[in-house]
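Let me begin by presenting the structure, written as structure tokens, before commenting on it.
Given below as structure tokens:
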């Protein structure tokens, strides 16, 4: 079993200038993301390749680290749907008129997308005792609230039950039948006011623990004084 005290939760920008203290971490996390999704895409198409822009365009990169291992990863982008350019981002290309109409009717303008959820195969629930996918989703909801977004939107794979993970924290499927990279998905909507604790107390306890101990390179001016995992 994992020593939960050895886990770290990190939040950093995807894009930056200069030489930040988290540069080595960022490189390791990017390489993990690139390899994970190369494997995912090539399981369907041997010639498929990952677009690095899908990483670098994000506003937040969040990861759980255990000693020298990347355990899990999630990417987040903020959009204001009052912007025509935002609405025309390719991420939303599968949204139906009905979905857009619903978002407008509910006045959901400030949105955080939740993308590229990844879990190290060595830390699957069957091996670790925890669903780190669900834990990342719960932590993502905390970022949504902290950043004062109206809701999250995520195109969630059904075969990996990512849609169910969102529902466990208060999310709702609003558009089924979306296909991404040859996987069937559902569009999940999670309003800030509807987000709630996970029904499993151990899962929620770990979410709270990681959030309270987070290392935030965006909002915390004191991160430079904290020891960093994966620093080498």
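In my numbering, the protein residues as written are 564 to 795. In this text, a Cβ means the ideal position worked out from N, Cα and C, and glycines have one as well.
- Within 10 angstroms of its Cβ, does residue 764 collect 16 or more other Cβ (buried), or is it exposed? In the chain shown, the residue the question calls residue 764 occupies position 201. Burial call: exposed.
- Task: Grab me the residues of residue 613's own chain with a C-beta within less than 6 angstroms of its C-beta, minus the 5 sequence neighbours each way, in chain order.
- Result: Here the question's residue 613 lines up with position 50 in the chain shown. Here the set comprises 597, 600 and 601.
- Which residues in the same chain have their Cβ closer than 6 angstroms to the Cβ of residue 534, if we skip the five residues on either side of it in sequence? Beyond the ends of the chain as shown, which are 564 and 795, falls residue 534; an answer cannot be given.
- Message: In whole angstroms, give me the CA-to-CA distance for residue 734 and residue 691.
- Response: What you label residue 734 is simply residue 171 of the chain shown in a count that begins at 1. What you label residue 691 is simply residue 128 of the chain shown in a count that begins at 1. Taken atom to atom, the span from the alpha-carbon of residue 734 to that of residue 691 is near 25 angstroms.
- Query: Near residue 760, which residues of its chain fall below 7 angstroms by C-beta distance, leaving aside the five closest residues on each side in sequence?
  - Reply: Within the chain shown, residue 760 is the residue found at index 197, counting from 1. Contacts found: 767.
- Query: Do the region 711-727 and the region 661-677 meet, that is, are 3 or more Cβ pairs less than 8 angstroms apart?
  - Reply: yes
- Query: So who's on the other strand from residue 675, going by DSSP bridges?
  - Reply: By one-based count along the chain shown, residue 675 stands at place 112. The partner list for residue 675 (beta bridge, DSSP) reads 641 and 715.
- Where in the region 571-631 do unbroken runs of the beta strand (DSSP E), each at least 3 residues long, occur, reported from the N-terminal end onward? 623-629
- Straight-line gap, residue 604 to residue 660 (C-alpha atoms, nearest Å): The residue you call residue 604 lines up with position 41 of the chain shown. The residue you call residue 660 lines up with position 97 of the chain shown. When rounded, the distance between both Cα atoms is 28 angstroms.
- Backbone CA spacing between residue 795 and residue 631 [nearest angstrom]: For the purposes of this step, residue 795 is identified with residue 232 of the chain shown, where counting begins at 1. For the purposes of this step, residue 631 is identified with residue 68 of the chain shown, where counting begins at 1. Per-residue confidence for residue 795 stands at a pLDDT of 39, beneath the threshold of 50, marking its modelled position as unreliable; the derived number appears in the next sentence. It is roughly 9 angstroms from the alpha-carbon of residue 795 to the alpha-carbon of residue 631.
- With which residues is residue 682 paired in a DSSP beta bridge? Within the chain shown, residue 682 is the residue found at index 119, counting from 1. Partner(s): 635.
- Message: Within the continuous alpha helix (DSSP H) that includes residue 741, where are the two ends?
- Response: On the chain shown, residue 741 is found 178 positions in, with the first residue counted as 1. Run containing residue 741: none in the alpha helix (DSSP H); it sits in the beta strand (DSSP E), 735-743.
- Message: Pop quiz: residue 755 and residue 699 are said to be a contact at Cβ under 8 angstroms. What is the actual Cβ separation, rounded to whole angstroms?
- Response: In the chain shown, the residue the question calls residue 755 occupies position 192. In the chain shown, the residue the question calls residue 699 occupies position 136. About 18 angstroms separates the two Cβ atoms, so there is no contact after all.
- With a threshold of 16 other CB atoms inside 10 Å of the CB of residue 779, please say whether the residue is buried or exposed. As a position in the chain shown, residue 779 is number 216, starting the count at 1. Around the CB of residue 779, 16 or more other CB atoms lie within 10 Å, so the residue is classed as buried.
- Query: In or out: residue 782 buried (at least 16 other Cβ within 10 Å) or exposed?
  - Reply: Numbered from 1 along the chain shown, position 219 holds the residue referred to as residue 782. Counting Cβ neighbours within 10 Å, residue 782 comes out exposed, since fewer than 16 surround it.
- Proximity to residue 616 [Cα-Cα], best of 679, 646 and 722: To locate residue 616, count along the chain shown from 1; it is residue 53. Ranking the options by Cα distance to residue 616, first place goes to 679.
- Message: Please report the straight-line C-alpha distance between residue 584 and residue 569, rounded to a whole angstrom.
- Response: Position 21 of the chain shown, counted from the first residue, corresponds to residue 584. Position 6 of the chain shown, counted from the first residue, corresponds to residue 569. Across the structure, residue 584 and residue 569 are spaced so that their CA atoms are roughly 20 angstroms apart.
- Message: Please report the straight-line C-alpha distance between residue 640 and residue 564, rounded to a whole angstrom.
- Response: Translated into positions along the chain shown, residue 640 becomes position 77. Translated into positions along the chain shown, residue 564 becomes position 1. In a straight line, the C-alpha of residue 640 is about 33 angstroms away from that of residue 564.
- Message: Once DSSP output is grouped into helix, strand and coil, what is the label at residue 777?
- Response: Locating residue 777 in the chain shown gives position 214, counting from the first residue. Correct three-state label for residue 777: coil.
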